[in-house]
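Chains as they are written, first to last, in full-length UniProt numbering: chain A, 1 to 1210; chain B, 1 to 348.
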């Protein structure tokens, strides 16, 4: 009141005295026990063991529920850009959002969003934006490739059907991350309604996606763009988002094509504009490894074989690995070829330079010369000579041109020749100076032991005067190839001799590299004696071989092709099998196997041996070309044939050069056994010693012996002693080093020892510690982790070219696919706003077959689905129309056909469609064309089985009529047509409509198809008998891929396939003529007559009287003799009777009157009498009253007197 | 619509082609089968195979006595795990002959290899009910195999040292002493390396002994890491060639085992292709297997794998060190699986 606040006296803390002491003490004790459990243990004591068990159980349940099945992390080191699909109904702001995000990340403005736009958003992340237009085809396709979905919702309108449709599509094909974005929030004037709407939309969104799903609000537009801060926030969310791998995406390679080029020959296009096109498609490979030449599916187009795949330099690479926080301007890349952005692009087909449109125009105008002649001169790039050389003469029209090089043997200048180098096992491109061939041969002789085509002739000449021995040797160098024949390489004879000397100690013939075929082929009979008689035998062969060599397609290296060399040898081989000994047993095979093994040893690159090289394969193809269109180069493929028809046997014949009698051989495998010497690290002695070190000193209590841990120096000595190898090393050290050095080394060794000891201790501790709580889940996870590391490490240090061959193209690569037979509409009707997805197909996914699926009509779809109505399915990569049959499983496992899908239940569906792995989800729509008011997804489900034998049955009721009825036996006709049919159904159970059961017994001869049947009761002639049977249904083989991408631009959402019967009838105005029986007619019922109930006499007798039927019916007619005759009176008699009647009437009247009078008199008398009686009673009452009074008085008197007299008595 | 097929020529490697075709779903056409022969053994010389579904279940087959059951079993081992329902195949015919790996060999080596790939369980077995030697046959083998949806990747790189050698010396319709004689001679050689050798003698009598007399020996060496190398040897079939003494047989077989050990690797030479196939069909992970030198059959199989699955193996030769006494060169095969999943199996 007066403005002065009265100041309270402050609390003064005690710093001394008992109170302060107490407090100090309390503080000291209290502060030590922070944990409530320890401070107050009683409060946390176990109250109930059961309850505790329950809570523990629950906690464990929750913990386990959080586990996902661990999968191997196969994401590559440089992952492909994340596909962000922006979805929403029209006019909701999709393009604006993409533009804003691109501007946010790259500072560039993109006016038209066409096709995928790839940007670098951060150091380790790239993004590909793709807008999804309002077409269910695009929605389905993009849901399959999306990593993140930005779902735009017009808040001023609320949810639209497309949103829910898209969500449901996602649910079926694997749920990508979904982020909702609310736009048009500025349309709300009232803040409260805005809040309410936001909340409502949020909660609905949460129920559809998951509780707590992220929903973004873009509040308003500034100059036609969203607010910078909000876009930045959204961008941040995107760049830190984590993704869970989706099953379909991680098991299939796929590409979202961002560039497409038509490579078709322009001439072909001119002649036939509708010809199939060769198209190259570009894009980042995602999902998993892509194999070359595999099969792919392009949704909306169809299945294709890739004719070629190669990888290109990344057009939008991630920045280098410098340490810095943000990207600089140069690294903020943007790549969108379909939208016309991307800068310079080099690839196999062309170089593309992105220039502004006006710039290009100017250039063209400037350059154009005025006259055609000048222009043509300018355009000439090659000189006349070169053109002459390049020109070809064609002998026949349509044949390949004859090249000048084909004709002229000797040509000057450099030539390149492919040479097979045996040492390196590589194809070398050797430069040959033609005309100087001989010299060159001599020169190259020292470096390579192979020759080229040109030297063939020379060899031929030499060959003529060869000795038989040389022939024999040469024969051994004969080679063969399978399909891929590299250019001829012939061994130089001098060299062969030299080589033989080198390997002189090897068994005879072991020097040549192609012995296997001989050895395989050689018969047993030749045996050991072969060596002696060899020359003769071989000379025979050598003639053949030399022919082969002239033809020049035999290859030195691929000797194993030659198994079972030629026909004659094969016969011998046959003989050998009949002789019945093991192939490998024979000494003959020595040479062969030795050569083979040596080959594997000699070949540093076994890969070439197995797979050949790519160049070789190409060469072989070229060789088959025609020469001048007239002569076909004929190359004998005898050896190949022979091998192709050889015995199919997996035995691997042993190397007979190994003589297992020899100690030397035995020694060579000593260490393969546990008894052999162990490796340094695994040796038991070393291990023991290390353990000893680790645990150091211990005392044996029983013996009392004390073991000391050995010191390092002693150890060293011991190890030296143990293994000769280490000793020699240490010896070297000793000799080299001075004393000081030794001391230093000792220290080093000591230190190492200590470190080692420490490491081992830690290891031991780790294993002990981890084993304690390592669960199955942890183990599994660790295993997966290991596998992932191995996957990464295995091919890491390889160059991409060879790496691609082993593991295929890995995700993250920018690849170029070539497809050679795309329909022309794909190119002519191309619209970049529609996604072009190339989905790789797994093994056997390219086939078509029967699929069994579990299907449920979508609860938001209004109608039920009818069997045999065509339906469009989205399954795997594909969208296709098919005819499903719906069925349900009965209790006995029978699949019963359903006419319609159940309303709220799962049912089975069987279709003819593309083979897709079990467990793949699918969705069905009835039509993909146009926009419909209602929810379009008709059904969802999953593939269960790919069984080719379909077991759906439908019920078939056969109806028959009895024509003769005995007691319980009936003859029935009309059910079957022949005796044979009946015979098939003998013993089948039948039933009447009224429920009487029976059985088919035997066919009757006439009428055909009639049979005898027995029933549990007697049938009536009016009964109908039916037989319930099951008839297998076949599935219609309709597989019609939805080719929406081939439709003209603007009509891509109007694909329509096969119509349903209902639609057809509606469109054509056809109405079914109903069968007459099905029409409704007025019901006319005949009056029903019931027969009286008849009770047999015996039964009647037995009944009690009450239940006996009452015989109320009138008695039968009285017999005539008992009947009385009627009396007919005479007139007189009639008069008399009349009179008498009149008299009696009078009499009666008089009597009545008298009686009435009498009655009245009597009544009066009775009254009188009553009165008298009353008076009499009254009198008597009075008299009695008097009497009683007197008697009472008397009694009173008596009582009184007695009372007087009694006191004495008491 | 169906994927394009592959075309081959000649009768050789028929099993490989059919097995791979069945697994990959690719159609295969084989032309010119013994087209130049007077007796091609077929009605035509062209075979077209359109693969379907592998059903499994109980099957019985009377095998042609020209080839032994091992011939059929080799293919069946590759297909068995990828059937619709577990396979129970009863094969009748020749159990042991010279050209193909015998049933005993497959039982002792192929099954452990497959177990490494996660194909195991109770019903995984090869059972020799009756033994039938070469020309006559009359043997019976029951092969049961569970189904798997996927095959797991393996890293079989360290074979380890051989800890024991086991074996079966079998004889039918000859003196039971034959078995003992074989065992004696085989042990004589192997004892130089290892004391832990036990060779069972299996003499089948009566109805279980087939139609022809014969005897043989299968030896299996087991390493510390659980890999098996084996060798086998048989008597010559009755009436074909010179008879062989059981002592010789035992000795030779032991030498063959030494040869096999010399080759080494984690998978023995007759199962190389099986192991490579299972690696190919594994998940999309790296699998590694150390093999001995590749057999011609395996090399052809590798080419076929490339044709059917577009898988190439990384082949690295490991040469033994100077002073190492562990046999010859080894080959380390590495590949990334195709991520195969059994499309025959029903989803419950």
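Every residue, glycine too, gets a C-beta built ideally from N, C-alpha and C. Please read all numbers here as calculations on a predicted model, not as lab measurements.
Among the CB atoms of chain A, none fall inside 8 Å of the CB of residue 180 of chain B.
It is roughly 24 Å from the alpha-carbon of residue 23 of chain A to the alpha-carbon of residue 42 of chain A. Among the residues of the segment 157–182 of chain B, those with a Cβ less than 7 Å away from any Cβ of chain A are 161, 162, 163, in the order of the chain. With 16 or more other CB atoms across the displayed protein chains lying within 10 angstroms of its CB, residue 608 of chain A is buried. CA-to-CA, the gap between residue 220 of chain A and residue 824 of chain A works out to about 45 Å.
In chain order, 92, 129, 130 place their CB closer than 6 Å to the CB of residue 140 of chain B, counting only its own chain and leaving out the 5 sequence neighbours on each side. Distance check between residue 806 of chain A and each of A:37, A:262, A:291 places A:291 closest, using alpha-carbon atoms only. Note that the segment 1019–1029 of chain A touches the segment 984–994 of chain A; at least 3 beta-carbon pairs, one per stretch, sit closer than 8 Å. A direct Cα-to-Cα measurement between residue 240 of chain A and residue 80 of chain A gives close to 15 Å. Scanning its chain for C-beta atoms nearer than 8 Å, with the 5 sequence neighbours on each side dropped, one finds around residue 216 of chain A the residues 179, 180, 181, 182, 230, 233, 234, 237, in chain order. Taking residue 69 of chain B as reference, the option from B:133, B:44, B:153 with the minimal CA-CA separation is B:133.
Neighbours of residue 794 of chain A in chain B, taken as residues whose beta carbon is under 9 Å from its own, are 286, 288, 314, 334, 336 in chain order. Beta-bridge analysis with DSSP links residue 8 of chain B to B:30.
By the CB criterion at 8 Å, residue 334 of chain B and residue 305 of chain B fall outside the cutoff.
Only residues of its own chain outside the window of five on either side were considered, and among them 118, 315, 316, 342 have a CB closer than 6 Å to the CB of residue 335 of chain A, listed in chain order. At a cut-off of 8 Å between C-beta atoms, residue 844 of chain A counts as an interface residue with respect to chain B. The three-state secondary structure of residue 44 of chain A, taken from DSSP, is helix. According to the DSSP assignment, residue 286 of chain B belongs to the beta strand (DSSP E) that extends over 286–291. For residue 61 of chain B, DSSP records a beta bridge to B:91. Note on geometry: alpha-carbon atoms of residue 28 of chain A and residue 757 of chain A lie some 44 Å from one another. With at least 16 other beta carbons inside 10 angstroms of its own, residue 78 of chain B counts as buried.
Less than 8 Å separates the beta-carbon of residue 225 of chain A from that of residue 100 of chain A.
Residue 238 of chain B sits in coil when the DSSP states are folded into three classes, being neither helix nor strand.
Between residue 97 of chain A and residue 155 of chain A, the C-beta gap is not smaller than 8 Å, which leaves the two residues out of contact. Cα atoms of residue 1167 of chain A and residue 1158 of chain A: separation of roughly 14 Å, rounded to the nearest angstrom. Residue 299 of chain A has its alpha-carbon roughly 7 Å from the corresponding atom of residue 836 of chain A.
Exposed is the label assigned to residue 1076 of chain A, since fewer than 16 other Cβ atoms lie within 10 Å of its Cβ. In this model, residue 113 of chain B and residue 106 of chain B are separated by some 10 Å (Cα to Cα).
The segment 75–93 of chain A makes contact with the segment 138–148 of chain A, as at least three CB pairs between them are under 8 Å. Contact between residue 965 of chain A and residue 1018 of chain A holds, with the beta-carbon distance rounding to 7 Å and staying under 8 Å.
Contact of residue 326 of chain B with chain A by beta-carbon distance below 7 Å involves 669, 671, 672.
Under the criterion of beta carbons closer than 8 Å, residue 948 of chain A and residue 842 of chain A do not qualify as touching, at roughly 19 Å. Chain-ordered, the chain B residues with CB closer than 9 Å to the CB of residue 72 of chain A read 153, 283, 284, 285. Taking a 10 Å sphere around the C-beta of residue 1085 of chain A, we find fewer than 16 other C-beta atoms and assign the residue as exposed. Sixteen is the threshold: since fewer than 16 other Cβ atoms of the shown chains lie within 10 Å of the Cβ of residue 889 of chain A, the residue is exposed. For residue 55 of chain B, the CB contacts under 8 Å within the same chain, skipping 5 residues up- and downstream, are 83, 84, 85, 344 in chain order.
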